[in-house]
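A.B. asks:
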Amino acid sequence: MLKIFKSLLLVSFVFVVTTSNSAITPSPTAPKVAAKSYILQDFSSGRVLVEHDADKRLPPASITKLMTAYVVSHELEAGNIALADEVLISEKAWRMVGSRSFIEVNTKVPVEVLLRGMIIQSGNDAAVALAEHIAGSEETFAQMMNQYAQQLGMFNTNYRNATGLPDTDHFTTARDIAILSAAIIRDFPEHYKWYAEKEYTYNEITQHNRNKLLWRDSTVDGLKTGHTEEAGYCLAASAQRSGMRLISVVLGTRSENARAQETQKLFNYGFRFFETHDLYKAQDKISDIKVWKGADKQVDLGLEQSLAVTVARGRYKELVATTNIMQPVIAPISAGQQLGEVEIRLGDELIAKQPLIALQSVDEGSWWRQLLDTILMLIWG
């Protein structure tokens, strides 16, 4: 539980966590992971727990389809398409090599069937059919993929197709894939359930999800595998234990079994030696501050986005949160206006920082209120 203490400084408040005699869990270094590039990140806080060459540009193979699915989900949310819409399968989609959903040329297949076939079975034919349905061509759809990548902050990513089939100018990074994975879970939870499905049946053909962790670890509920000769065996995965969700990405492992084993190493390490806590929810009041020359005498302060922190297990009690508030605060104030910031520290380490905003608007006060406050400000400096 957080206690609040006002410091001697007018502009600063300090929140400290009640101390405890609980033992601190030892925090060893991360295990060695046999992959070209990898990252382990907490979903709620965004803190990276383990990484190796996470910004190295590599071919993602079928992990590409995470972005294909993300674009499709946006189109569904915008009302541009519907899950029940029937998609006419082109010859190009039908002839796609690699993993397939076994859709037939010139047949009509619902968007939902194609989307599930792409997510669960990794159908290249389904991915191209969806791309053509939404954008007219796979090339145009790839432009949409790149636009969404930029919006998400995936600045080391470039897509050339919807499938992940080899192309020298088609690349991404482990860090960017982690960003995308978090966006899928956060933005489209109603579609995320499909990433946990173990099999997919179409045309009386049943095919299984290639993510072996769905069978080995009940806490794993997504996301996507990928493999080409150039990319090696890749896996973006997420797991949730006791309310804590982690995202792992491993690129360039040596086998289908290896990508599952290396991912399991990362999950076991992260869940064993770290813990995540929600500190403040978006729009909840953290503090308040006096407003000069306003119709109201004070304004409530909070955060625009929820704030969670991930720390070594047993060290949560050592966290200190400091709010630094701009002074003086003079009306008018708009809701959402930044009036300071919150810093979360563990010893000398800055764990997190977020803008502190006004939770409501404050209009200018009457002429006499403005005059009185002007005089008081002059007197008090």
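Under our numbering, the residues of the sequence shown are numbered 366 to 746, in order.
Yeah, the Cβ is synthetic: ideal placement off N, Cα and C, and Gly gets one too.
Predicted, not measured: the structure shown is a model, and the values here were computed from it.
1) Roughly how many whole angstroms lie between the Cα atoms of Asn386 and Ala723?
2) In the DSSP assignment, find the beta strand (DSSP E) that holds Val398 and state where it starts and stops.
3) Using the C-alpha atoms, what's the distance from Arg581 back to Leu479?
4) For Ala561, collect the residues of the same chain with a Cβ closer than 7 Å to its Cβ; drop the 5 residues on either side in sequence, then sort them by chain order.
5) For Leu611, count neighbouring Cβ atoms within 10 angstroms of its own Cβ and tell me buried if that reaches 16, exposed if not.
6) Could you give the distance in angstroms between the alpha-carbon of Met519 and the alpha-carbon of Trp657?
7) Grouping DSSP H, G and I as helix and E and B as strand, with all else coil, what is His535?
8) Please indicate yes or no: does the CB of Leu611 lie closer than 7 Å to some heavy atom of the ligand GDP?
9) Going by DSSP, what residues sit across from Gly597 in a beta bridge?
10) Using only the alpha-carbon positions, how far apart do Met691 and Gly488 sit?
11) Please confirm if the segment 492–502 is in contact with the segment 453–471, defined as three or more CB-CB distances below 8 Å between the two stretches.
12) Between Gln735 and Val694, what straight-line distance do the alpha-carbon atoms span, to the nearest angstrom?
13) Which two residues bound the contiguous beta strand (DSSP E) that contains Asn689?
14) Could you check how far apart the C-beta atoms of Ile428 and Lys589 are, in whole angstroms? I think they sit under 8 Å.
15) Please classify Asn386: does DSSP put it in a helix, a strand, or coil?
16) Of the residues Arg624, Leu616, Gln626, Phe632, which one's Cα is nearest the Cα of Arg606?
17) What residue ranges within the segment 548–621 form continuous alpha helix (DSSP H) runs of no fewer than 4 residues, ordered along the chain?
18) Note down, in chain order, each residue of its chain lying with its Cβ closer than 8 Å to the Cβ of Ser438, except the 5 sequence neighbours on either side.
19) For the alpha helix (DSSP H) containing Ile499, name the first residue and the last one.
C.D. replies: On the basis of the supplied data:
1) Translated into positions along the sequence shown, residue 386 becomes position 21. Translated into positions along the sequence shown, residue 723 becomes position 358. For Asn386, the predicted structure reports a pLDDT of 40, less than 50, and the residue's modelled location is therefore unreliable. A value from the coordinates is still provided. Taking the straight line joining both Cα atoms gives about 37 Å.
2) Residue numbering aside, residue 398 sits at position 33 when the sequence shown is read from its first letter. Neither: Val398 is in no beta strand (DSSP E) and is coded neither H nor E.
3) As a working mapping, residue 479 is identified with position 114 in the sequence shown. As a working mapping, residue 581 is identified with position 216 in the sequence shown. Rounded to the nearest whole angstrom, the CA to CA distance from Leu479 to Arg581 is 27 Å.
4) Translated into positions along the sequence shown, residue 561 becomes position 196. Correct list, in chain order: Leu579, Asp586, Gly587.
5) On the sequence shown, position 246 is the one that residue 611 refers to. That one is buried.
6) Residue mapping note: residue 519 aligns to position 154 of the sequence shown, counting from 1. Residue mapping note: residue 657 aligns to position 292 of the sequence shown, counting from 1. The straight-line gap from Cα to Cα measures roughly 43 Å.
7) On the sequence shown, residue 535 is found 170 positions in, with the first residue counted as 1. Looking at His535 - three-state DSSP - the assignment turns out to be coil, as it is neither helix nor strand.
8) Of the ligands one can find in the structure shown there are none, so the ligand GDP has no counterpart to examine.
9) As a working mapping, residue 597 is identified with position 232 in the sequence shown. Paired residue(s): Thr593.
10) For the purposes of this step, residue 691 is taken as residue 326 along the sequence shown, with counting starting at 1. For the purposes of this step, residue 488 is taken as residue 123 along the sequence shown, with counting starting at 1. Rounded to the nearest angstrom, the two C-alpha atoms are 54 Å apart.
11) Result yes; three or more Cβ-Cβ pairs closer than 8 Å.
12) Within the sequence shown, numbered from 1, the residue matching residue 735 stands at position 370. Within the sequence shown, numbered from 1, the residue matching residue 694 stands at position 329. Those two C-alpha atoms are separated by around 13 Å.
13) Position 324 of the sequence shown holds residue 689. Annotation: the continuous beta strand (DSSP E) that includes Asn689 extends over 684–690.
14) Reading the sequence shown from its first residue, position 63 is the one you call residue 428. Reading the sequence shown from its first residue, position 224 is the one you call residue 589. In this structure, Ile428 and Lys589 form a Cβ contact; the two beta carbons are roughly 5 Å apart against a cut-off of 8 Å.
15) Working through the sequence shown from its first residue, we reach residue 386 at position 21. Legend: pLDDT at Asn386 = 40, less than 50; position of this residue unreliable, value from coordinates given subsequently. Coil, per DSSP.
16) Within the sequence shown, residue 606 is the residue found at index 241, counting from 1. Checked all of Arg624, Leu616, Gln626, Phe632; the closest Cα to Arg606 is Phe632.
17) The qualifying runs are 554–557, 578–581.
18) As a position in the sequence shown, residue 438 is number 73, starting the count at 1. Scanning its chain for C-beta atoms nearer than 8 Å, with the 5 sequence neighbours on each side dropped, one finds around Ser438 the residues Ile549, Asp552, Phe553, His556, in chain order.
19) Looking up residue 499 in the sequence shown gives position 134. In the DSSP assignment, Ile499 falls within the unbroken alpha helix (DSSP H) covering 489–500.
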